[in-house]
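In my numbering, the protein residues as written are 543 to 1184.
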């Protein structure tokens, strides 16, 4: 496969999802090429690079099933017109639509735009769009429907594979919403479509286009399966629709890290590049336009610094003037655009264009991968997204970086393993558990928080005895006299373990002295045990990450990762500031510091011995150890060692 910006590490694009400004999903049937050309010219002028576009399935393959006696199927036609004996006709494709798409691609190329093409666009904005012949079929599992989908895909790819505007092929928009499917059926459908693409084009990457994937074996649409069959995994991180996200203002820490955390979650567990393919605020009833601009100014450098390959806004133009379904059905779909009906750009579009200009001014072909200090292990039987999301936020607040993996995957090398909010009895295998303990004995730090799980072996390693177990009636405040900067924290959980230390150091206990947080030396390493599900509890609680009076839960992560934080080149103190470090060839480093708060902040910056700030690539560098960051903004520094 040729080098592609969506799959090359450290590369990043900005763009949007595109439907024509005058018609939305009806753009192909209500074709107005002069409007489309004006749209593309405007989007390119504003600094966008990539558009995700959608050949609507029933427009491009307008098949009707004709029936005979007793309702037996006789023939597929275009309405009453027999399918022509042409290459397009044999694929059931309307040649008029192909010429319209060709014009779109030609004009995109003329304006310097590249296209990600959603090939099977049967689901869009809450409405199913299916050719009449397949309206009563399960279009993911019915052999006849899938056969014609494959023919559609092969014809589209074969026709446009040499067009300069095509950047990648997308399976289609959220095709997992088109019909129910088991895991095996989802795999077979994905394999059929990806194979159809590969049969015609072996060069361009295949983008998943799916959302709401999960890593567990019981999920129908698994990120591991999509990564097996496609080249790029995709997230559609809308706070309102994603579990645990619609709890805080959109321009604060939880939502500032949402797109980044979810995209890394998919990419790390799946083992493929990730792309934030649909991002948006869902309009003015969620936040004002100036806050939306703050939000995108915050998440763009965050996605870039974490190798998330790009941001595509949903969508190009407002659609509140349209009377068709789905715009008639759902207010979420009406004011999502970067540009108003009168072609006036919104502040969020200006922020996207400004970010592209800043990144291009750096003169970097790509941003080197960030250094990470920990692996966060997720497992069966838990709310893996809730655990992953909170762990990612807490690590950012504490000042270190992590990657994700699932418990049934080979254990990655790390100095620190986080196993958050464990639940159930089959979280992962005995051999994986023993491997973790062996890594700790060899010198790693292992942290486990407990929701409702059983660990065997446990007592002899963690030096903690479980005296009794019961369902918790009320939450309690846990005191942490041994942890610097931390007095006490309210901690909830469904299960109360009465513990007795048989050698472990007690770092936190609830009223009455029952141990809650313990530490013990194990061989050359360290074991931490927290008997409360810190991560999933925080994922379900509004305000715990950004409020002025929010308890400093992150200090527990700072305690666990103390050695790893101390080993970083750049250390910060403010919990609203996230830092990534990117080692460059020659020994220098790029540091990206992001203020995930809407308020300006000051943080103390400490560099490892011998290191200094050579230049500020974006923003202003620290003055006498104090770095001032505007609200929802970033600073990029180059660090050198003497």
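Where a beta carbon is used, it is the ideal one built from N, C-alpha and C, also for glycine.
Source: prediction; values computed, not measured.
Flag this pair as yes or no: are the beta carbons of residue i and residue j separated by less than 8 Å?
i            : j            : result
residue 1186 : residue 1069 : Absent from the structure is residue 1186, since the part of the chain shown begins at 543 and ends at 1184.
residue 866  : residue 566  : yes
residue 880  : residue 855  : yes
residue 660  : residue 751  : yes
residue 1031 : residue 931  : no
residue 941  : residue 1131 : no
residue 598  : residue 671  : yes
residue 681  : residue 664  : yes
residue 556  : residue 897  : yes
residue 917  : residue 972  : no
residue 1155 : residue 1171 : no
residue 992  : residue 1075 : yes
residue 1145 : residue 1122 : no
residue 793  : residue 833  : yes
residue 1077 : residue 1038 : no
residue 815  : residue 851  : yes
residue 739  : residue 711  : yes
residue 826  : residue 877  : yes
residue 933  : residue 944  : yes
Decide if residue i is buried, meaning its Cβ has at least 16 other Cβ atoms within 10 Å, or exposed.
i            : result
residue 1009 : exposed
residue 1105 : exposed
residue 563  : buried
residue 573  : buried
residue 964  : buried
residue 741  : exposed
residue 636  : buried
residue 1084 : exposed
residue 893  : buried
residue 871  : exposed
residue 976  : exposed
What residues in its chain sit with their C-beta under 7 Å from that of residue i, if we drop five residues either side in the sequence?
i            : result
residue 571  : 601
residue 800  : 779, 781, 784 and 787
residue 1048 : 1057 and 1060
residue 813  : 769
residue 757  : 764, 765, 766, 811, 920, 926 and 948
residue 1005 : 1043, 1044, 1045, 1046 and 1062
residue 836  : 793, 1140, 1173 and 1174
By Cβ distance, which residues of its chain are closer than 6 Å to residue i, with the 5 residues on each side in sequence left out?
i            : result
residue 753  : 716 and 778
residue 583  : 653
residue 679  : 687
residue 593  : 557, 560, 655 and 657
residue 629  : none
residue 1088 : 790, 794 and 795
residue 805  : 777, 816, 818 and 850
Considering just the uninterrupted stretch of the beta strand (DSSP E) at residue i, what are its terminal residues?
i            : result
residue 1114 : 1112–1114
residue 1007 : 1006–1013
residue 712  : 708–712
residue 994  : 987–995
residue 1132 : 1131–1137
residue 1169 : 1168–1171
residue 854  : 852–855
residue 584  : Unbroken run through residue 584 is the alpha helix (DSSP H), 575–587; no beta strand (DSSP E).
residue 615  : 615–620
residue 817  : 816–821
residue 1153 : 1153–1160
residue 787  : No beta strand (DSSP E) contains residue 787, which DSSP labels as neither H nor E.
residue 553  : Taken as a continuous stretch (DSSP letters only), residue 553 belongs to no beta strand (DSSP E), as it is neither H nor E.
Suppose the cutoff is 8 Å on Cβ atoms and the five residues either side in sequence are ignored; what does the same chain contact list for residue i look like?
i            : result
residue 1066 : 983, 984 and 985
residue 536  : Outside the displayed range of the chain (543 to 1184) lies residue 536, so it cannot be described from this structure.
residue 736  : 713, 748, 771 and 772
residue 734  : 688, 691 and 692
residue 957  : 915, 916, 985, 986, 987, 1105 and 1106
Along the chain, where does the alpha helix (DSSP H) that runs through residue i open and close?
i           : result
residue 802 : 800–812
residue 846 : 831–847
residue 691 : 685–702
residue 975 : 972–983
residue 873 : It is not in any alpha helix (DSSP H) - residue 873 carries neither H nor E in the DSSP assignment.
residue 599 : 599–602
Would you check whether the ligand PLP has a heavy atom nearer than 7 Å to the C-beta of residue i?
i           : result
residue 591 : Among the components modelled here there is no ligand, and therefore nothing to report on the ligand PLP.
Distance cutoff 8 Å, beta carbons only. Does residue i sit that close to anything in chain C?
i            : result
residue 1161 : Protein chains in the displayed structure number just one, and chain C is not present.
Complete runs of the alpha helix (DSSP H) confined to the region 732–784 [at least 4 residues]: Within the region 732–784, the complete alpha helix (DSSP H) segments of 4 residues or longer fall at 765–771, listed in chain order.
4-residue-minimum alpha helix (DSSP H) runs that sit fully inside the region 1033–1108, ordered along the chain: 1076–1081, 1096–1102 and 1104–1108
Every unbroken beta strand (DSSP E) inside the region 629–672 [3 residues or more]: 656–660
Continuous alpha helix (DSSP H) assignments of at least 4 residues falling wholly in the region 899–963: 926–940
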